[in-house]
Amino acid sequence: MVVLIKDILTSNPDGRPVDVYGWVRTKRDAKNLAFIQVNDGSCFASLQLTFDRETSNNVEAIDKVLQKVSTGASIHAKGNLIPSPASGQAVEVSLTELELIGESPSDYPLQKKHHTVEFLREIGHLRPRTNLFGAVARMRSEMAFAVHNFFHENGFFYVHTPIITSSDCEGAGEMFQVTTLDIEALAKKGEQPNYSKDFFGKKTNLTVSGQLEAETYATALSRVYTFGPTFRAENSNTPRHLAEFWMIEPEMAFYTLNENMDLAESFIKYLLNWALKNCSEDMKFFDDRVQKGIISTLEGVYSANFERMPYTEAIVALEKSGENFEYKPFWGCDLQTEHERFLTEKLLKKPVIITDYPAEIKAFYMKQNPDGKTVRAMDVLVPGIGEIIGGSQREDDLQKLTSRMLELKLNPEDYWWYLDLRKYGSVPHSGFGLGFERMLRYVTGVANLRDVIPFPRAPKLADF
Ligand code: 4AD
Ligand code: MG
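Numbering (the working numbering), first residue to last: 16 to 479.
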C-alpha cells in the first residue's frame, strides 16, 4: 500500500516500518551520515531519510543506489519511523533499503532552492514540484472544495452551464469565437463566412459568464450556482487578468441587492476562514515567504464588517481625495483599479461594496433604479486586489428589460428565452460572480493570476 508522506509525518515515531515514495528535494552526504529530503506533494513538508553508515546493516547496497540519487529523482525507500533529533521536524526515517525509481540527470531545471516566478512560468510542467506552486495547487483544490461546501450548506444546487454559447452575457464583445468553418480557405477565396453553414447554424463563442443560463435554474430551484471556466478575449496584459479563468456565480430567486451583498460578504469570509483553519501549513509559507502578515490581515478581514458605499458617494470621495490619479474620476466614469485601490486600501482600509453604478457602464440585465440613471449593481473591492466580485439585482420587469436591450442595440429575439423568465412567474432575483483566481490571489498573496492557475492563458500565452 502506498502511504502519503503527510500521513507518515503525523504517525507515531515508535520505530514502525514505513515505505516512502516521492521525489528527492535534496541529498546531503557527509562521512558516516547521509540525509535525503523526500517530498510527495501531499503536504508542504518533506520527510527526512537518514542513513547512518555506522549502524546500518545494508551499507553497500544503499550506497550503490545513493550515488545515483539526485535532486528531482523519484525513489522508494524503506525504513523505521523514529523521533528526529533535528529541529524543525518531529520524525524521520532511518533508512534500511533504497530504490531508485526514476533518475534525474544534472540538467534538471530545479536545482536551486529559489527560482523566480518568471523562470518557473517557462517550465510550467515542473513548477508544481516547487514549494510555492505545490502550496498554491493544494490551496486551489481546498478552496474549490470550500466553495462547494459553502453552497451545499446554504441550500444551493450546482448547475453546469454551457461553455459554448451564442449570447454575450456582459455585452462587452470580448469573446473567443467557436467555429468549424474553414476561415483560411474562405479568406483565400475572398468570401465572407456564412454562419448558417457553421456547426451550430449560427455564430457561437466561448462563454464570458454562466449567469444568464444560471438565471433559468434560479427561477426554478431558487438557489443555484455555477463554477466553471470562463473566457475573455480582452487584451489586458495585467497581473489581474486571464483569458481563461474560473468563475463562481451564485444566482438567487427572491433576493434583492441587500441580501446579495450579505451573501457575498459571508461567502468571502467563509473562504478566508476555511483557508486559515484547514490550510495552516501552506498559509504559514505564504505568510513567511510571499506576503508578510497575510494571516493576520485575513483574520482582520474575517472579523470586520465590509463597508457599503453607493457609487455616487465613492466618486465624491475620489474627487476630494487629493490623489494624483492617472484617470481623473468623474460621475459616470468606470472605476479604474487605481480608484478601487484608493477606496479599499487608503480610504477605508477594508473591503468595500460599491453599489448603484451608472447604467451606462454596466450590463443590460441589471435592475434599473427609480432615478433613471443608476442600476442595482454591486462590486466588492478588497485591499491589494481591487474588484474581486461583480454582481447585481437583475431587471425582472419585462418591459423595462426589453426597452433597455433595444437602447443597447441588442436584439430581444436573440434573448427570447431570457425574456420568458420575466414573462412567466417573474421574481426579483440577484447574483454575483467571484473570480476564483482573484480570490486565490487574495488568500495566498501571490501577485500574478498566472501563478494561481495551473496552466495560464493570456495574450500570447498558450504554450502548454
Ligand atoms: O464583473 P464581471 O464581468 O461579472 C460577470 O461576469 C457577471 N455575469 C457575474 C454575475 O453577476 N453572475 O466578472 C465577475 C468577476 C470579477 O469581479 C473578477 O473577479 C473576475 O470575475 N474576472 C476575471 N478574473 C480573471 N481574469 C479576467 N479577465 C476577469 N474578468 C473578470
Ligand atoms: Mg466587473
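Yeah, the Cβ is synthetic: ideal placement off N, Cα and C, and Gly gets one too.
Residues in the same chain with beta-carbon distance under 7 Å from residue i, minus the five sequence neighbours each way, listed in chain order, please.
i: THR459; result: VAL151, MET154, PHE301, VAL305, VAL467
i: GLY450; result: PHE260, MET262, ILE403
i: ASN73; result: THR111, GLU112
i: GLU69; result: ASN47
i: ARG472; result: LEU257, ALA258, GLU259
i: ILE23; result: VAL33, VAL35, LEU62, LEU96
i: ASN384; result: ASP371, VAL390, ARG391
i: PRO534; result: Since the displayed the chain opens at 16 and closes at 479, residue 534 lies outside it and no answer follows.
Ordered along the chain, which non-local residues of its own chain (more than five positions away) have a Cβ less than 8 Å from that of residue i?
i: PRO427; result: THR417, MET420, LEU421, LEU434
i: SER237; result: GLY170, MET267, ALA268, PHE269
i: GLN207; result: LEU201
i: GLU185; result: VAL223, SER224, ALA378
i: TYR342; result: CYS348, GLN351, GLU353, HIS354
i: ASN288; result: TYR317
i: LEU425; result: GLY186, PHE379
i: LEU423; result: GLY186, PHE379
Output the distance between the C-alpha atoms of residue i and residue j, rounded to the nearest integer angstrom.
i: PHE171; j: THR234; result: 13 Å
i: THR327; j: LEU358; result: 13 Å
i: TYR285; j: LEU201; result: 52 Å
i: PHE282; j: GLN126; result: 40 Å
i: THR195; j: GLY205; result: 18 Å
i: GLY149; j: ILE330; result: 42 Å
i: ARG40; j: SER61; result: 8 Å
i: PRO344; j: PRO325; result: 15 Å
i: ARG247; j: TYR232; result: 24 Å
i: ASN209; j: LEU221; result: 19 Å
i: GLN104; j: GLY243; result: 39 Å
i: LYS42; j: ASP197; result: 55 Å
i: GLU375; j: LEU436; result: 24 Å
i: GLN414; j: LEU363; result: 39 Å
i: TRP431; j: VAL162; result: 32 Å
i: SER85; j: ASP44; result: 11 Å
i: SER99; j: LYS21; result: 16 Å
i: LEU15; j: ASN164; result: Only positions 16 to 479 of the chain appear in the structure, and residue 15 is not among them; the question remains open.
i: GLY315; j: LYS365; result: 9 Å
i: ASP55; j: ALA477; result: 28 Å
i: ILE77; j: SER71; result: 9 Å
Is residue i helix, strand or coil when you go by DSSP?
i: LEU413; result: helix
i: PRO427; result: helix
i: GLN226; result: helix
i: ASN73; result: coil
i: GLU185; result: coil
i: ASN95; result: strand
i: GLN82; result: helix
i: ASP303; result: helix
i: PRO373; result: strand
i: GLY399; result: coil
i: PRO14; result: Within the shown structure, residues of the chain are numbered from 16 to 479, placing residue 14 beyond reach of any answer.
i: GLU66; result: It is worth fixing the name first, because residue 66 is Phe in this sequence and not Glu. Looking at PHE66 - three-state DSSP - the assignment turns out to be strand.
i: GLY243; result: strand
i: TRP432; result: helix
i: TRP289; result: helix
i: TYR123; result: coil
i: MET16; result: coil
i: PHE22; result: Residue 22 is actually Asp in this sequence, not Phe. Residue state, collapsed to three classes: helix.
i: ALA49; result: strand
i: PHE269; result: coil
i: ILE310; result: helix
Confirm, please, whether the CB-CB distance from residue j to residue i is below 8 Å.
i: VAL35; j: ALA101; result: no
i: LEU147; j: SER182; result: no
i: PRO443; j: ASP411; result: yes
i: ILE116; j: GLU107; result: no
i: VAL367; j: GLU322; result: yes
i: PHE447; j: GLY139; result: no
i: TYR457; j: GLY401; result: no
i: SER119; j: ALA88; result: yes
i: MET158; j: MET454; result: yes
i: ASN252; j: PRO469; result: no
i: GLY37; j: VAL17; result: no
i: ASP67; j: SER109; result: yes
i: PHE59; j: ASP303; result: no
i: PRO143; j: ASN463; result: no
I'd like the list of long-range same chain contacts for residue i, defined as Cβ closer than 6 Å, with 5 residues on each side in sequence excluded.
i: GLN192; result: ASN220
i: THR241; result: VAL174, THR176, GLY225, ALA229, GLU264
i: ALA279; result: VAL395, ILE404, PHE447
Stretch-stretch touch, CB-based, cutoff 8 Å, three pairs: the region 65-83 with the region 44-51: Touching, yes.
Spell out a yes or no on whether the region 268-280 and the region 396-410 are touching, meaning 3 or more CB-CB pairs, one atom from each, closer than 8 Å. These segments touch.
Can at least three beta-carbon pairs, one atom from the region 287-294 and one from the region 328-338, be found at a separation below 8 Å? Look at the beta carbons and you see the region 287-294 not touching the region 328-338: under three pairs across the two are nearer than 8 Å.
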